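Here the structure comes first, spelled out in structure tokens, and everything after it is commentary.
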Amino acid sequence: MVCIPLTPRHLAARRRWAAEHRDWEQHDWSQVLFTDESRFSLECDTRRVLVWMDRGTRNNPAFVRERSQYRSAGWMVWGGISINGRMDLHIIRNNTLTGRRYEDKILRPHVIPYAGAIGDSFVFQDDNARPHRSRLVENMLEAETIQRMEWTACSPDLNPIEHVWDMLGRRIAA
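Heads up: the sequence shown is residues 12 to 185, going by my numbering.
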């Protein structure tokens, strides 16, 4: 894992976000749908393999792993969770998400009906990924009067759905 330090600007934005939500109670949080996408693979696909071994064992066959030259199948999925439950996972075809696909395949069929069930107090959380912040998506959410939670850059750890992705990834790897 590579950790990139937060800049002073990121830290200040996170503090502001925390201060703005410090007094929120369960009712406030129950109006929020936390969403995200994640990619899963049947094998590690970072193309990096780290090996620690004793001196003099560099070419020991016990430390060599043969691999197919073809990468394993992978899936990108979108999901949403709230205090009151979860939404079904939705596979993102071709592992590619654009603003148009986000609107057509995620927001209109899944988020908009969910928002209607919650009512005027619904708050939608997504991160600052380019497809989420495209002009097309911004205009559609505004037209649908969807209140969007401001999200600070480089803050996936603030999104509770990251725990779902971690658990799901561990189950897939098992």
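We put the beta carbon where it would ideally sit given N, CA and C, even for glycine.
Bear in mind that the values here come from a model prediction, so they are computed numbers and not experimental data.
Asked                                                                                             : Found
Alpha carbon of Ala84 to alpha carbon of Ala30, nearest angstrom                                  : 42 Å
7 Å Cβ cutoff, Asp39 in contact with chain C                                                      : As a matter of chain content, chain C is missing from the structure shown, which is built from one protein chain.
Test item: CB-CB of Asn139 and Phe45 under 7 Å                                                    : no
Start-to-end residues for the alpha helix (DSSP H) that takes in Gln37                            : 37 to 40
Buried/exposed call for His174, threshold 16 Cβ in 10 Å                                           : exposed
Nearest residue (CA-CA) to Met160, options His32, Thr18, Ala23                                    : His32
Residue environment, Trp3, which counts as buried when at least 16 other CB atoms sit within 10 Å : Examination of residue 3 is not possible in this model, given that the chain is present from 12 through 185 alone.
Selection from Asp168, Arg181, Ile183 that minimises the alpha carbon distance to Leu17           : Asp168
Three-state secondary structure (DSSP) of Leu22                                                   : helix
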